[in-house]
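Numbering (this note's numbering), first residue to last: 12 to 866.
Glycine included, each C-beta is placed from N, C-alpha and C at the ideal position.
Because the structure is a prediction, the values reported are computed rather than measured.
These notes are about the structure you will find just below.
As structure tokens, this is what we get:
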């Protein structure tokens, strides 16, 4: 097979027919957004899988009887777990997925591929009982080329997938879950697609296997506010038996057409150059995206195509001068790490929740996300592009190095595939091509760095970042991970310094007692303590000579862990994405949020005497009891510190004074606290707080972040039931169990076995996960206390509506429901003695301390 590169430079002043600007709707599939009339056909392949937890002999055979298996849709986790299930309580072992389907007739004469975005662990694939592929690794795509296997339109076949999330040291991450600070979970936990392309089509960057090649690669030069050179490299392949002459047609404001003749089996890369005048430059504050529409044309017929969303931006890490974006010095980069873990479902988030996570992080004021410790769902990366979040993309790994032959090659192949998958995202700022908190050979670090250069050999290359103390990093890498204050040291590195994980101040790495870790269920004081602890850590990020450029909080969402019995409770959201007090702290502290005030005080009999208010205004006025007390304090801003510091009104709250208003004066309505944000002498925002009184009713609300539930059988949303008083104030100290029921086109995720339904009220609320069916329509949710009574809170009802799913789906209509299977938890590792467990935990403790805070 030959490869030929064709370069086309077109002066855009030449008059050409201009196509209408393509719209960017729908979901990206294998790196491309849909382009109407492109010729590429895509089916959602998530529905209609049969699932069995455990291993069964003969499950790969086409004739195997799977009628008793549970019917599921992907993304799917092998086992629903309680919201608090750390300490290796999740299932590890083999699980089977089987799907009966017919290749659509529309695929006639086309190349048909199944595209799995990710499956946890190692996987063996069977088609009609024949093993066709084996794959290792749980974070990157795997494809099955059905046409190459001899299948065609109209064929009925059975796909069987044996997914095994057992510990395995032979491929990354490699570390056993019992010594891991996150959980592997399991299953086909990302989307599956069926893609049909004509015989002359755009290649897939990951399948092509070419350095800095394959698929579509958009890169840049000479970016300024006046002009930007944009280069679009498109590889096409003729998989047919005859020579073909086609035209690669690319539109970015203008249209360039390049004519190519391909022999059978031949590939070509077409390079097209656009000069964009007065480009709108991408930034977190203005994440403008341009659609690049690519078509492969045969005369007037479009054979293949899609849209690549791009953002035009320049950046430079200038060492002592800091980070520069689009020709200007950029403020401190403050963000968070992200695991893909969610309550009950583990890693199995639909695309809507990926977007909502990104939106929550951006709404917190963050501008950068580190994908700890593996590449994330493609839809999360799309959301970061759209919402304005820089991303550090990490290769899978955590505190583990295997000296076996080929281990380093597997790590580096992951890095290559990550870059090929994510290179077109404007959000990608850095690659982390080494293994997190791991001692590795210097040559490995140097080879990993070179890969980032080889795979992106153009200007504005996302840089490589790694820990400054790791072998080969300080002398060679583009950005180094360090700590606030490192830039003041005599032996400071020459590069920009960034903190990969800030906020952790544990007593030790065994107990993990920590001011910044507070379960939402613990209530007001612990969450305020957490917020103030995280503020102090955030404040340190602004003490810089300019060379230290920011850091990422560990970790914004509560999540499960392998090696500790407690979940990670340091999130500013819990595992259901309910906010804690630290969220408004970040919103007020970091730049970019509209004027705000937040009273971090519940006015309970247990509340602190001091009243803390988070605000980004010039000053805050706090009024109590209708004006009986009134104070005004400035919002402190100092050079070398965070933009806005918390405002603390000392001894402002006295429960017994409040009691005198309510009990003695019979004027409970006046027990009120009002905070007003003042800018330029004018009140610009206001918040009011009253103590909650007795629990009288329930209230339901949907936490959809403005995105409706989609009727694809996989999407879900969080519905929150709150216990309130007569005035609607949340009764934070209520202790109830809420029973949920549902009618219409939705279903409840989880039941009493995982404490999902009934669900305990914590800090005034009980969350529920509601999944859609494949039929759009109304969904009625009912909530009531588990044990009703005369004075119990009254029930609540909420009606929502799911919307139709726009992408065609491929599944057997006859498969709608099925039995469920249960097996005893299978362990992939032998039972360890207390001494053996202690030894393993000591090793983890030493590794954590080795890479911990050093200042």
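Looking at 743, 742, 731, the one whose alpha-carbon comes closest to that of residue 781 is 731.
Between residue 611 and residue 624, the gap from beta carbon to beta carbon is short of 8 Å. Secondary structure note for residue 239: its beta strand (DSSP E) is the uninterrupted segment 238-249. Excluding the 5 residues flanking it on each side, residue 807 has same chain C-beta neighbours closer than 6 Å at 709, 710, 711, 794, in chain order. In the three-state reduction of the DSSP assignment, residue 134 falls in the strand class, which pools E and B.
The shortest C-alpha to C-alpha distance from residue 726 to any of 68, 759, 738 is the one to 759. DSSP places residue 303 in the uninterrupted beta strand (DSSP E) bounded by 301-309. Under the DSSP assignment, residue 208 falls outside any alpha helix (DSSP H), being part of the beta strand (DSSP E) whose first and last residues are 203-208. Bridge partners of residue 327 according to DSSP: 335. Annotated as distal: residue 232 and residue 261, with beta-carbon spacing of 8 Å or more. For residue 567, the closest alpha carbon among the candidates 37, 579, 198 is that of 579. For residue 684, the uninterrupted beta strand (DSSP E) run begins and ends at 684-690, by DSSP. Between residue 588 and the set 467, 716, 316, 651, the nearest pair of CA atoms involves 716.
Under DSSP, residue 315 shares a beta bridge with 307. DSSP places residue 645 in the uninterrupted beta strand (DSSP E) bounded by 640-645. Beta-bridge partners of residue 564 (DSSP): 347, 513. Residue ranges of uninterrupted beta strand (DSSP E) with 3 or more members, entirely inside the region 611-665 and ordered along the chain, are 622-626, 630-635, 640-645, 658-660. Contact annotation, residue 54 with residue 821: C-beta distance approximately 4 Å; criterion of less than 8 Å satisfied. For residue 170, the beta-bridge partners assigned by DSSP are 110, 138. Between residue 270 and residue 280, the C-beta gap is not smaller than 8 Å, which leaves the two residues out of contact. Within the region 440-487, complete beta strand (DSSP E) segments of at least 3 residues are found at 474-478, given in chain order.
Within a 10 Å sphere around the beta-carbon of residue 643 sit fewer than 16 other beta-carbons, which makes this residue exposed.
Put simply, the backbone Cα of residue 754 is about 30 Å away from that of residue 531. It is roughly 10 Å from the alpha-carbon of residue 572 to the alpha-carbon of residue 101. Residue range 389-398 is occupied by the alpha helix (DSSP H) that includes residue 395. By the C-beta density criterion, residue 415 is exposed, having fewer than 16 other C-beta atoms within 10 angstroms.
For residue 821, the three-state secondary structure derived from DSSP is coil. Taking C-beta atoms as the reference points, residue 307 and residue 212 count as a pair closer than 8 Å. Exclusion of the five residues before and after residue 591 leaves 531, 538, 583 as the residues of its chain whose Cβ lies within less than 6 Å of its Cβ. The DSSP-derived three-state label of residue 416 is coil. Cβ-Cβ separation between residue 223 and residue 465: approximately 7 Å, consistent with a contact (criterion under 8 Å). Going by DSSP, residue 47 is part of no beta strand (DSSP E) at all; its letter is neither H nor E. Taking all protein chains in view, the Cβ of residue 655 is crowded by 16 or more other Cβ atoms within 10 Å, so the residue is classified as buried. The beta carbons of residue 484 and residue 501 sit no closer together than 8 Å.
Judged by DSSP in its simplified three-state form, residue 708 adopts strand. Comparing C-alpha distances from residue 69 to each of 140, 125, 372, 488 shows the shortest one belongs to 140.
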